[in-house]
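In what follows, a structure is listed as C-alpha coordinates, so that the remarks can point back to it.
In our numbering, the protein residues as written are 85 to 208.
Structure, rendered in C-alpha coordinates:
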(Lines of atoms letter the chains of each structure in order from A and count residues from 1; the text may use other names and numbers.)
(Lines give C-alpha, C1' and ligand atoms only; values in the text may rest on other atoms or scores of the structure.)
Protein backbone atom coordinates (compact mmCIF):
# COMPACT_ATOMS: atom_id res chain seq x y z
CA UNK A 1 0.00 0.00 0.00
CA UNK A 2 1.39 3.40 -0.95
CA UNK A 3 2.16 5.67 1.94
CA UNK A 4 0.61 9.11 2.29
CA UNK A 5 2.96 11.91 1.19
CA UNK A 6 2.88 15.44 2.51
CA UNK A 7 1.89 18.24 0.17
CA UNK A 8 5.55 19.37 -0.03
CA UNK A 9 6.70 15.86 -0.93
CA UNK A 10 4.05 15.60 -3.66
CA UNK A 11 5.06 18.99 -5.08
CA UNK A 12 8.73 17.97 -4.96
CA UNK A 13 8.08 14.79 -6.96
CA UNK A 14 5.93 16.64 -9.48
CA UNK A 15 8.54 19.37 -9.95
CA UNK A 16 11.43 16.89 -10.15
CA UNK A 17 10.02 15.26 -13.27
CA UNK A 18 8.64 18.43 -14.83
CA UNK A 19 9.82 21.99 -14.32
CA UNK A 20 13.05 21.06 -12.49
CA UNK A 21 13.98 18.58 -15.25
CA UNK A 22 15.53 16.13 -12.78
CA UNK A 23 17.44 18.70 -10.69
CA UNK A 24 16.58 17.95 -7.04
CA UNK A 25 17.83 21.33 -5.81
CA UNK A 26 15.51 23.17 -8.21
CA UNK A 27 12.65 20.80 -7.35
CA UNK A 28 13.17 21.56 -3.66
CA UNK A 29 12.81 25.32 -4.22
CA UNK A 30 9.88 24.94 -6.65
CA UNK A 31 8.05 22.70 -4.15
CA UNK A 32 8.43 25.31 -1.42
CA UNK A 33 11.01 23.70 0.83
CA UNK A 34 13.34 26.02 2.72
CA UNK A 35 16.68 26.55 0.95
CA UNK A 36 18.38 25.44 4.19
CA UNK A 37 16.54 22.10 4.17
CA UNK A 38 19.14 19.51 3.04
CA UNK A 39 18.25 18.07 -0.35
CA UNK A 40 19.73 14.71 0.65
CA UNK A 41 17.22 14.47 3.52
CA UNK A 42 14.33 15.08 1.13
CA UNK A 43 15.63 12.46 -1.30
CA UNK A 44 16.31 9.95 1.48
CA UNK A 45 12.71 10.32 2.64
CA UNK A 46 11.34 9.84 -0.89
CA UNK A 47 13.77 7.24 -2.22
CA UNK A 48 11.18 4.60 -3.12
CA UNK A 49 8.77 7.15 -4.58
CA UNK A 50 11.54 8.68 -6.70
CA UNK A 51 12.49 5.26 -8.09
CA UNK A 52 8.85 4.46 -8.84
CA UNK A 53 8.33 7.87 -10.49
CA UNK A 54 11.50 7.33 -12.55
CA UNK A 55 10.19 4.00 -13.85
CA UNK A 56 6.88 5.66 -14.73
CA UNK A 57 8.69 8.52 -16.49
CA UNK A 58 10.69 6.05 -18.57
CA UNK A 59 7.54 4.09 -19.43
CA UNK A 60 5.74 7.31 -20.45
CA UNK A 61 8.56 8.07 -22.87
CA UNK A 62 8.83 4.57 -24.35
CA UNK A 63 6.39 5.38 -27.18
CA UNK A 64 8.54 8.36 -28.15
CA UNK A 65 11.59 6.07 -28.27
CA UNK A 66 9.72 3.55 -30.44
CA UNK A 67 8.68 6.32 -32.83
CA UNK A 68 12.30 7.50 -33.01
CA UNK A 69 13.41 4.00 -34.02
CA UNK A 70 10.86 3.88 -36.82
CA UNK A 71 11.72 7.44 -37.91
CA UNK A 72 15.36 6.32 -38.14
CA UNK A 73 14.31 3.63 -40.60
CA UNK A 74 12.28 6.10 -42.64
CA UNK A 75 14.97 8.81 -42.77
CA UNK A 76 18.38 7.33 -41.92
CA UNK A 77 20.11 10.52 -43.12
CA UNK A 78 18.67 12.70 -40.32
CA UNK A 79 21.37 14.71 -38.56
CA UNK A 80 22.41 12.99 -35.30
CA UNK A 81 20.28 9.92 -36.00
CA UNK A 82 22.84 7.47 -34.56
CA UNK A 83 22.83 9.12 -31.16
CA UNK A 84 19.05 9.40 -31.23
CA UNK A 85 18.65 5.72 -32.12
CA UNK A 86 21.12 4.60 -29.45
CA UNK A 87 19.27 6.64 -26.81
CA UNK A 88 15.94 5.19 -27.99
CA UNK A 89 17.29 1.63 -27.84
CA UNK A 90 18.68 2.19 -24.34
CA UNK A 91 15.38 3.56 -23.07
CA UNK A 92 13.41 0.69 -24.57
CA UNK A 93 15.88 -1.81 -23.04
CA UNK A 94 15.38 -0.23 -19.62
CA UNK A 95 11.59 -0.41 -19.79
CA UNK A 96 11.73 -4.09 -20.69
CA UNK A 97 11.49 -4.04 -24.46
CA UNK A 98 15.02 -5.31 -24.98
CA UNK A 99 15.97 -7.21 -28.08
CA UNK A 100 15.87 -10.87 -27.19
CA UNK A 101 17.57 -13.76 -28.86
CA UNK A 102 15.77 -17.06 -28.79
CA UNK A 103 17.30 -20.45 -29.35
CA UNK A 104 15.01 -23.33 -30.10
CA UNK A 105 16.30 -26.80 -29.40
CA UNK A 106 14.37 -29.82 -30.54
CA UNK A 107 15.20 -33.42 -29.87
CA UNK A 108 13.57 -36.73 -30.59
CA UNK A 109 15.01 -38.37 -27.51
CA UNK A 110 15.73 -37.21 -23.99
CA UNK A 111 19.52 -37.22 -24.43
CA UNK A 112 21.52 -34.19 -25.50
CA UNK A 113 25.27 -34.37 -26.02
CA UNK A 114 27.11 -31.15 -25.41
CA UNK A 115 30.65 -30.37 -26.57
CA UNK A 116 33.36 -30.89 -23.96
CA UNK A 117 34.21 -27.97 -21.69
CA UNK A 118 37.57 -26.31 -22.13
CA UNK A 119 39.89 -27.39 -19.36
CA UNK A 120 41.06 -24.67 -17.02
CA UNK A 121 44.59 -24.89 -15.69
CA UNK A 122 44.42 -26.36 -12.22
CA UNK A 123 41.32 -28.52 -12.99
CA UNK A 124 42.71 -31.96 -12.52
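Don't be surprised by glycine CBs; every beta carbon is placed ideally from N, CA and C. Keep in mind the model is a prediction, meaning the values are calculated, not measured.
(request) Starting from residue 177, trace the alpha helix (DSSP H) both ways and give me its first and last residue. (result) For residue 177, the uninterrupted alpha helix (DSSP H) segment begins and ends at 165 to 178.
(request) Count the C-beta pairs between the region 171 to 181 and the region 138 to 148 that are closer than 8 Å, then say yes if the count reaches three, no if not. (result) Note that the region 171 to 181 touches the region 138 to 148; at least 3 beta-carbon pairs, one per stretch, sit closer than 8 Å.
(request) Please classify residue 125: does DSSP put it in a helix, a strand, or coil? (result) If DSSP states are grouped into helix, strand and coil, residue 125 belongs with the helices.
(request) Would you kindly check if the distance between the Cβ of residue 132 and the Cβ of residue 97 is under 8 Å? (result) In this structure, the beta-carbon distance from residue 97 to residue 132 does not fall below 8 Å.
(message) Quick check on DSSP: helix, strand or coil for residue 201?
(response) If DSSP states are grouped into helix, strand and coil, residue 201 belongs with coil.
(request) Indicate whether the contact test is met: 3 or more Cβ pairs, each with one atom in the region 150 to 160 and one in the region 108 to 123, closer than 8 Å. (result) Touching, no, given that fewer than three Cβ pairs across the two stretches are closer than 8 Å.
(request) Note down the Cα distance separating residue 49 from residue 93, rounded to an integer number of angstroms. (result) The first residue shown for the chain is 85 and the last is 208, placing residue 49 beyond what the model contains.
(request) Take the Cβ of residue 117 as the centre, count every other Cβ of all protein chains shown within 10 Å, and call the residue buried at 16 or more, exposed below. (result) Buried: at least 16 other Cβ atoms inside 10 Å.
(message) The alpha helix (DSSP H) that contains residue 117, what's its start and end?
(response) Neither: residue 117 is in no alpha helix (DSSP H) and is coded neither H nor E.
(request) Evaluate residue 100 with the Cβ neighbour count: other Cβ atoms within 10 Å of its Cβ, from every protein chain shown; 16 or more gives buried, anything less gives exposed. (result) Buried.
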